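Enquirer:
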């Protein structure tokens with residue numbers, strides 16, 4: 086095993102700093118010299134400013150809370166509406182920090198909506214600091230708690246205290262891989278000193294609920310429920326361990342936790358109504374099922390089946406006042422099943438249009454649920470479902486979509502992978518493109534953690550499609566498109582399936598005439614880089630170009646990073662002998678071969694990335710630059726002011742710049758699109 090760039094892993098070294106600075110300057114000069122880059126940035130900026138962006142909408146009593154990036158602004162802020170009243174800005178994250186950029190990482194309103202706890206991090210770092218705001222006045226309370234990455238505050242019924250997760254202070258000289266380990270859930274009372282908060286669940290808190298150092302602990306509770314759940318996520322594993330205790334008996338380390346489910350029960354999600362808990366499990370159910378048991382005396386062996394296993398993937402649960410709502414995935418399309426608490430039969434709801442269902446949320450004190458819908462060609466719309474009228478109502482928190490999506494169309498095809506597995510492949514392009522000639526095509530793949538690349542609309546994508554480009558998504562194994570079985574078929578020792586699936590999708594696009602190798606680029610972000618980097622090292626002639634964004638390219642060494650131990654559940658651990666070889670095989674860095682004609686590649690990193698440190702893409706860039714014989718550019722781009730990407734603290738303008746660079750790089754390196762058809766008047 087050759088690792089000539091191990092020295093780059095010392096992120097504090099002057100040598101790495103000098104290398105990154107030089108590379109970034111070269112990349113900046115190169116991309117700024119691409120003629121279409123300025124045009125693309127102007128167009129992307131215009132598209133991003135055509136409509137507000139909204140996410141994470143939640144209802145509390147008569148109040149609706151949501152994160153919104155106004156079309157003319159750069160970051161998401163927290164807004165609310167009282168009933169049908171006007172929108173009101175509640176939290177601007179910049180008001181809590183002097184950093185250049187700031188983002189709201191999480192928020193949770195109290196049961197009545199009077200107070201709200203939220204986390205803010207600076208410059209995309211995801212190192213959240215928890216704050217509390219008085220919703221009525223907009224004033225920040227004195228309560229401030231640091232080290233609350235994924236703090237997930239959960240309010241007690243009194244609305245004056247909440248549980249939250251906190252990481253310990255790192256010891257001087259401690260390895261970076263310990264940064265997010267040994268976390269605990271604490272109870273905080275408003276106005277008290279966080280240093281005096283008592284741990285109730287987590288690492289080394291209670292012998293009744295033992296957790297490992299890499300486990301992530303969370304305490305959940307609900308209005309009207311006399312119990313709390315202590316939930317442990319084991320690294321990035323989707324299978325949870327769940328403990329239950331009476332709310333009235335919560336008393337720090339003396340809390341009488343009882344185990345409800347362990348990893349062997351393969352529970353992926355849960356919801357609570359009264360004294361019952363509904364569990365989404367894939368044990369004995371390939372695409373999952375829903376069961377119910379009592380919180381007072383849980384017995385999974387004799388749990389009642391509420392929704393049986395079928396060809397439909399059961400994805401998420403949300404308990405409202407009237408019913409359990411179940412989000413499912415049916416061959417890529419979102420569906421919702423309503424299971425009334427009055428005992429009447431479950432039924433599937435008719436959605437306003439075929440789409441992805443996301444931001445799926447319900448409150449035990451309110452009937453119905455809220456969600457947003459979007460597709461490859463239809464922008465996001467937020468709805469609330471009213472069971473009394475059996476209708477979906479537009480919440481009105483997004484202005485009507487502009488007319489551009491009518492020029493788009495999408496198709497769904499399948500590709501046969503190396504082992505015969507049929508892999509779904511989605512394509513989006515400008516309506517009326519010339520199908521007799523190949524087009525510049527960007528093939529995107531991910532395939533990790535059971536995450537599905539569901540249909541989504543991004544106005545910025547039009548900048549690529551308008552120039553004759555095709556946007557294709559490979560739903561490779563490792564994702565969740567067909568449930569946990571599909572996920573497990575693309576992780577650890579099965580990771581080669583993910584790479585094979587992406588290669589098969591590339592070949593299918595060529596066979597169908599949409600593109601050619603000279604017109605084809607691949608893209609992988611974060612863990613998705615394993616797929617594209619693997620594909621270009623195994624089949625370098627298949628692609629003309631590639632984008633490797635904040636990517637894992639050395640999985641064998643990833644365990645040494647801040648989140649490396651947690652990711653061992655997904656990728657494997659070098660401490661487990663039988664997992665070392667799969668880690669080596671999925672690490673494209675070690676499979677770069679001297680004097681090979683590699684495609685043009687743009688690799689990116691971010692200075693404040695909490696998930697994938699800069700040295701991961703940097704090592705791969707250096708290795709490729711030394712090895713390639715194609716004379717095609719291998720560029721490394723660093724964003725010095727952002728984190729892991731949009732949704733992780735990256736601002737709209739930072740995303741616009743990155744997309745302009747990426748699209749310009751591809752249009753420079755790929756064979757051109759055929760002329761657009763003439764418009765007849």
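Residue numbers (the numbering used here): 86 to 766.
The beta carbon of each residue, even a glycine, is placed where N, CA and C say it ideally should be.
Just so it is clear, the structure is predicted and the values come from calculations on it, not from any experiment.
#1: DSSP on residue 242, reduced to helix/strand/coil?
#2: Would you check if the segment 631-647 and the segment 603-613 touch, i.e. whether three or more CB-CB distances between them fall below 8 Å?
#3: Use the C-beta contact count for residue 507: other C-beta atoms within 10 angstroms, 16 or more gives buried, fewer gives exposed.
#4: Provide the residue span of the beta strand (DSSP E) that contains residue 669, from first to last.
#5: Entirely within the segment 117-151 and at least 4 residues each: give me those alpha helix (DSSP H) ranges in chain order.
#6: Look at the alpha carbon of residue 573 and the alpha carbon of residue 585, and state the distance between them as a whole number of angstroms.
#7: When DSSP labels each residue in this structure, what does residue 92 get in the three-state scheme?
#8: Which of the three DSSP states, helix, strand or coil, is assigned to residue 200?
#9: In this structure, how does DSSP classify residue 710 when only helix, strand and coil are distinguished?
#10: Of all Cβ atoms in chain B, is any one closer than 7 Å to the Cβ of residue 221?
#11: Answer with buried or exposed for residue 195, where buried requires no fewer than 16 other C-beta atoms within 10 angstroms of its C-beta.
#12: For the candidate residues 251, 274, 229, 582, whose alpha-carbon lies nearest to that of residue 236?
#13: For residue 704 and residue 359, I'd like the C-alpha separation in whole angstroms.
#14: How would you label residue 105, buried or exposed, when you count the other beta carbons within 10 angstroms and need 16 or more for buried?
#15: Does the distance from the C-beta atom of residue 469 to that of residue 455 stay below 7 Å?
#16: Using only the alpha-carbon positions, how far apart do residue 450 and residue 414 sit?
#17: For the alpha helix (DSSP H) containing residue 746, name the first residue and the last one.
#18: Report yes if the C-beta distance between residue 313 and residue 306 is below 7 Å; otherwise report no.
#19: I need the straight-line Cα distance from residue 530 to residue 381, nearest angstrom please.
#20: With distances taken Cα to Cα, identify the nearest neighbour of residue 165 among 101, 218, 118.
#21: Taking the alpha-carbon positions, what's the residue 409 to residue 374 distance?
#22: How would you label residue 479, buried or exposed, when you count the other beta carbons within 10 angstroms and need 16 or more for buried?
#23: State the DSSP-derived secondary structure class of residue 653, mapped to helix, strand or coil.
#24: Which of the three DSSP states is assigned to residue 158 in this structure?
#25: Can you give me the Cβ contacts of residue 231 inside the same chain, cut-off strictly under 7 Å, excluding the 5 residues immediately before and after it?
#26: Looking only at its own chain, which residues have a Cβ that is under 6 Å from the Cβ of residue 418, when we skip the five neighbours before and after it?
#27: With residue 687 as the anchor, note down where its beta strand (DSSP E) starts and where it stops.
#28: In whole angstroms, what separates the C-alpha of residue 167 from that of residue 744?
#29: What residues in its chain sit with their C-beta under 6 Å from that of residue 632, if we drop five residues either side in the sequence?
#30: In angstroms, rounded to a whole number, what distance separates the CA positions of residue 587 and residue 571?
#31: Apart from the five residues on each side of it in sequence, which residues of its chain come closer than 6 Å, Cβ to Cβ, to residue 140?
#32: In whole angstroms, give me the CA-to-CA distance for residue 248 and residue 335.
#33: State the beta-bridge partners of residue 216 as determined by DSSP.
#34: Here's a check: name, in chain order, each residue in its chain whose Cβ is nearer than 8 Å to the Cβ of residue 520, leaving out the five neighbours to either side.
#35: Should residue 848 go down as buried or exposed, given a rule of 16 or more other Cβ atoms within 10 Å for buried?
#36: Alpha carbon to alpha carbon, how far is residue 135 from residue 458?
Expert: Quick answer:
#1: coil
#2: yes
#3: exposed
#4: Residue 669 -> not in any beta strand (DSSP E); alpha helix (DSSP H) instead, spanning 662-671.
#5: 121-133
#6: 15 Å
#7: helix
#8: strand
#9: helix
#10: Among the chains in the structure shown there is no chain B, since it carries only a single protein chain.
#11: buried
#12: 251
#13: 53 Å
#14: buried
#15: yes
#16: 27 Å
#17: 737-754
#18: yes
#19: 44 Å
#20: 218
#21: 14 Å
#22: exposed
#23: helix
#24: coil
#25: 214
#26: 439
#27: 685-691
#28: 37 Å
#29: 608, 687, 747
#30: 14 Å
#31: 152
#32: 11 Å
#33: 203, 229
#34: 598, 599
#35: For residue 848 there is no data in the structure shown, the boundaries of the chain being 86 and 766.
#36: 19 Å
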